[in-house]
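Asks: Residue numbers (this note's numbering): 36 to 429.
#1: Which full runs of the beta strand (DSSP E) of 3+ residues lie inside the segment 69-117, going along the chain?
#2: According to DSSP, is residue 313 helix, strand or coil?
#3: Looking only at its chain, what residues have a beta carbon closer than 6 Å to the beta carbon of residue 143, apart from the 5 residues adjacent to it on each side?
#4: For the 8 Å Cβ check, are there 3 or more pairs between the segment 186-200 and the segment 159-172?
#5: Identify the residues that DSSP records as bridge partners of residue 169: which are they?
#6: Assign residue 253 to one of three DSSP states: helix, strand, or coil.
#7: Mapping the DSSP letters down to three states, classify residue 160 as helix, strand or coil.
#8: For residue 107, which residues in the same chain have their Cβ closer than 6 Å to its Cβ, ignoring the five residues on either side in sequence?
#9: Put residue 322 into one of helix, strand or coil per three-state DSSP.
#10: Got a sec? Which residues, its chain only, sit under 6 Å from residue 83 by beta carbon, not counting five neighbours each side?
#11: Would you kindly report the start and end of the unbroken beta strand (DSSP E) that includes residue 426?
#12: How is residue 50 classed by DSSP in three states: helix, strand or coil?
#13: Please classify residue 131: does DSSP put it in a helix, a strand, or coil?
#14: Would you tell me roughly how many angstroms separate the C-alpha atoms of residue 71 and residue 210, rounded to the nearest one?
#15: Quick check on residue 266: does DSSP put it in helix, strand or coil?
#16: Applying the criterion that 16 or more other CB atoms from any shown protein chain within 10 Å of the CB defines a buried residue, is residue 217 buried or exposed?
#17: If distances are taken between C-alpha atoms only, which option among 184, 162 and 373 comes closest to residue 149?
#18: Roughly how many whole angstroms lie between the Cα atoms of residue 280 and residue 393?
#19: Take residue 250 as the anchor and find which of 283, 277 and 311 has the nearest alpha-carbon.
#20: Would you kindly check if the distance between the Cβ of residue 377 and the Cβ of residue 357 is under 8 Å?
#21: Leaving aside the five residues before and after residue 328 along the sequence, list all residues of the same chain whose C-beta is less than 7 Å from its C-beta, in chain order.
#22: If you draw a straight line from the alpha carbon of residue 224 to that of residue 53, how long is it in whole angstroms?
#23: Taking 6 Å as the limit between beta carbons, can you name the residues of its chain near residue 122, skipping five residues before and five after?
#24: Compare the C-alpha of residue 34 against each of 256, 205, 285 and 304 and name the closest.
#25: By the DSSP assignment, the beta strand (DSSP E) with residue 140 in it spans what residues?
#26: Identify every run of the beta strand (DSSP E) within the segment 356-405, keeping only runs that are complete inside it and at least 3 residues long; order them along the chain.
#27: Please name the residue or residues paired with residue 300 in a DSSP beta bridge.
#28: Rounded to whole angstroms, what's the CA-CA distance from residue 81 to residue 202? Just pull it up for me.
#29: Any chance the segment 271-286 sits against the segment 357-370, with 3 or more Cβ pairs inside 8 Å?
#30: With burial defined as no fewer than 16 other Cβ atoms inside 10 Å of the residue's Cβ, what is the status of residue 126: buried or exposed?
#31: What does DSSP give as the partner residues of residue 409 in its beta bridges?
#32: Quick check: what's the CA-CA separation for residue 243 versus residue 361?
#33: Report, in whole angstroms, the separation of the C-beta atoms of residue 256 and residue 380, which I expect to be a contact under 8 Å.
#34: Take the Cβ of residue 407 as the centre, count every other Cβ of all protein chains shown within 10 Å, and call the residue buried at 16 or more, exposed below.
#35: Thinking C-beta only, is residue 324 closer than 8 Å to residue 195?
#36: State the start and end residues of the unbroken alpha helix (DSSP H) segment that holds residue 226.
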């Protein structure tokens, strides 16, 4: 930390009060944001010279590299922060106090009552312009070298005293284990959601991990598959085919999730998704309408995948009972859905090319829709005993 000449040296607040609160109550905070807001209030109530407080930590997430929360003394200054991957290449990060803390692993101190130069990051200039007098960033040392930081900005006359800096460091010793728990919890949730879906991932985190943990649910099932995937791989370089597949998955996933569904699996070049009922009145009507709306949305966005390739995909929909839960071996478990309803949706999707339709759905879906559809006639599906009425859009 830099020189701090002529600064006050007395401590006017007791960090033990804040530490005791952290160890007794603060550790039960719901998440990083809740902890930051409550801690800011506690520091202020204890008399600490704090104007702005920020806690941030690295996370393992497909879309984000870090998450954080900020508290300010004035009402309305709190915010949640999500930092995307590639943050390290952005001007807002390069040369910042956060970069310094991350690279050196040491605290960063800058008295904002001093004259700031061009070498000082713009965030310091902005904070000074708002009336801040001191900036202190302290790294929180988590297991495995994971990064987290505690940043306090003061507006006290003359800035922070040396005793204040030591007091904040003592507070950090109690903050660190709480943030450690948040990081493991956040990472677990992010991994579960990325690989299992939000709803299913939460079930696993809640303890539904034993083989045979299965329930019978009613749901609309959506199965989609890229047409001529093998031919596409023959015609395109592997990297281009993979990029096209990823864009297709993105279009399907966004359509499904925006209409209340959940992607359960990516099946090679295909997708399995469900729209489960929640037990309410007319729930079956809602999920069937949502599933078909998701299919329509995906079709409307199909040209975003790669227009020159004119990529086509089929979608099959069915509504019925499925077994939802864990199957597998004693040591390798998969969370999925099973049942004839899944097979019907998959087989129906396989008929899309033959019937020259991109979306086909059963009468079980059609009879729950608030509009008319086109009946395509009875079709025989492999593995299904009775003929199925296939339907499509008018």
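Ideal Cβ positions, reconstructed from N, Cα and C, are used throughout, including at glycine.
Replies: Let's see:
#1: 87-93 and 99-107
#2: coil
#3: So the list reads 132, 135, 136 and 172, once near-sequence residues are dropped.
#4: yes
#5: 146 and 189
#6: strand
#7: Reduced to three states, the DSSP call for residue 160 is helix.
#8: 87
#9: Note: residue 322 maps to helix in three-state DSSP.
#10: Excluding residues within five positions, the ones whose Cβ falls inside 6 Å are 48.
#11: 423-427
#12: helix
#13: Assigned with DSSP and collapsed to three states, residue 131 falls in coil, not helix or strand.
#14: The alpha-carbon separation between residue 71 and residue 210 amounts to approximately 10 Å.
#15: helix
#16: Classification of residue 217: buried, given that the 10 Å Cβ count is 16 or more.
#17: 162
#18: Roughly 17 Å separates the two Cα atoms.
#19: 311
#20: yes
#21: 294
#22: In this structure, the alpha-carbon of residue 224 lies about 29 Å from that of residue 53.
#23: 100 and 128
#24: Beyond the ends of the chain as shown, which are 36 and 429, falls residue 34; an answer cannot be given.
#25: Run containing residue 140: none; DSSP gives neither H nor E here.
#26: 368-373 and 394-397
#27: Paired residue(s): 307.
#28: One alpha carbon belongs to residue 81, the other to residue 202, and they sit about 12 Å apart.
#29: no
#30: exposed
#31: Secondary-structure assignment with DSSP links residue 409 through a beta bridge to 427.
#32: 8 Å
#33: Indeed, because the Cβ distance is near 4 Å, the residues count as touching under 8 Å.
#34: exposed
#35: no
#36: 197-231
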